[in-house]
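Residue numbers in the sequence shown follow the working numbering, run continuously in steps of one, and reach 1183 at the last position. For each residue, glycine too, the CB sits at the ideal point set by N, CA and C. Fair warning: this is a prediction, and the values are worked out from it, not measured in the lab. Right, one structure below, let's go through it.
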Amino acid sequence: MPSKILIVTDDAGESYEILYAQHRLMEAGFTPVIAATQKKQLNGVIHDFYPGWNTYIEKPGYLIDADISFDDVNVDDYVAILLIGGRAPEFLRHEEKLIQITKEFAAQDKWILSLCHGIQILLAAGLGNGLKLTCYENVRFELESCGGTWINEECVRDGKIITGQTWGSHPDFYREVFKHLCA
């Protein structure tokens, strides 16, 4: 069984979600592979929540190297795909190669993991209809418009799809991820 997990992100991906995923996956014995539109150094961002603000703020994040491009992904090599949040999903959901990859993970009954705005990619692949999922609350409208039901919990699993609201969901999200991936 493959032990690699595909982490999908790009410029404006949430740095904290990317780095935390890398470290937790390695700690659990998996090999994280970061995929983006190109194999290059990515410009991450940090989204934070300040008292008195009605939404998150964005600060420059870390520089993170993409290991491979979407063109080089072979779904058979991976046990799961992780769709990272931040602003990257806003444009990644229009990348046809990534949409094909995401659909192939579903067709092969592999785990699909999504944090925050990462759900925009899952929805663009047509995978939200009839499912109970969570995401950052300001993306809730997109989820519901695609036929999904938004659950206001830090982490929600529906079949082989596990979703989390924000990087603040990491404890609940990764507990659920490893409960299933390490079983």
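Residue i bridges to which residues according to DSSP?
| i | result |
| --- | --- |
| Ser-1114 | Leu-1083, Thr-1163 |
| Asn-1043 | Leu-1063 |
| Thr-1149 | Lys-1132 |
| Val-1156 | Thr-1163 |
| Lys-1004 | Thr-1031, Tyr-1078 |
| Glu-1058 | His-1047 |
Alpha carbon to alpha carbon, how far is residue j from residue i? Give it in angstroms, no decimals.
| i | j | result |
| --- | --- | --- |
| Ser-1169 | His-1180 | 17 Å |
| Ala-1066 | Gln-1120 | 20 Å |
| Phe-1141 | Arg-1087 | 16 Å |
| Asn-1043 | Glu-1014 | 9 Å |
| Asp-1048 | Glu-1153 | 19 Å |
| Trp-1167 | Gly-1130 | 25 Å |
| Gly-1061 | Arg-1024 | 19 Å |
| Ile-952 | Thr-1055 | The displayed coordinates of the chain run from 1001 to 1183. Any statement about residue 952 would go beyond what the structure contains. |
| Val-1177 | Ile-1162 | 7 Å |
| Ile-1068 | Asp-1077 | 13 Å |
| Ile-1112 | Gly-1164 | 12 Å |
| Thr-1009 | Tyr-1050 | 24 Å |
| Glu-1027 | Leu-1019 | 12 Å |
Taking residue i as the reference, which of the options has the closest Cα?
| i | options | result |
| --- | --- | --- |
| Ile-1007 | Pro-1171, Gly-1085, Gly-1029 | Gly-1085 |
| Asp-1158 | Asp-1109, Glu-1137, Ala-1035 | Asp-1109 |
| Lys-1160 | Ile-1081, Asp-1172, Gly-1148, Ala-1021 | Ile-1081 |
| Ala-1183 | Val-1079, Asp-1071, His-1023 | Val-1079 |
| Phe-1070 | Leu-1063, Gly-1052, Ile-1099, Pro-1060 | Ile-1099 |
| Val-1156 | Cys-1146, Ser-1145, Gly-1128 | Gly-1128 |
| Ile-1064 | Gly-1147, Pro-1089, Tyr-1016 | Tyr-1016 |
| Ile-1123 | Glu-1144, Gln-1022, Lys-1059, Glu-1104 | Contrary to the premise, residue 1123 reads as Leu rather than Ile in this sequence. Residue Glu-1144 is the option with its Cα nearest to Leu-1123. |
| Asp-1072 | Trp-1111, Ile-1101, Lys-1059 | Ile-1101 |
| Glu-1058 | Ala-1012, Phe-1173, Cys-1146, Ala-1125 | Ala-1012 |
| Val-1033 | Gly-1052, Trp-1053, Ile-1046, Ser-1003 | Ser-1003 |
**Prompt:** Do the region 1087–1100 and the region 1128–1136 make contact, defined as three or more Cβ pairs closer than 8 Å?
**Reply:** The region 1087–1100 is not in contact with the region 1128–1136.
**Message:** Counting beta carbon pairs with one atom in the region 1102–1118 and one in the region 1035–1046, are three or more of them shorter than 8 Å?
**Reply:** Counting C-beta pairs closer than 8 Å gives fewer than three between the region 1035–1046 and the region 1102–1118, which falls short of the contact rule.
**Prompt:** Which runs of the alpha helix (DSSP H) spanning at least 4 residues fall entirely within the region 1008–1041, listed in chain order?
**Reply:** Counting only runs of 4 or more, we get 1015–1027.
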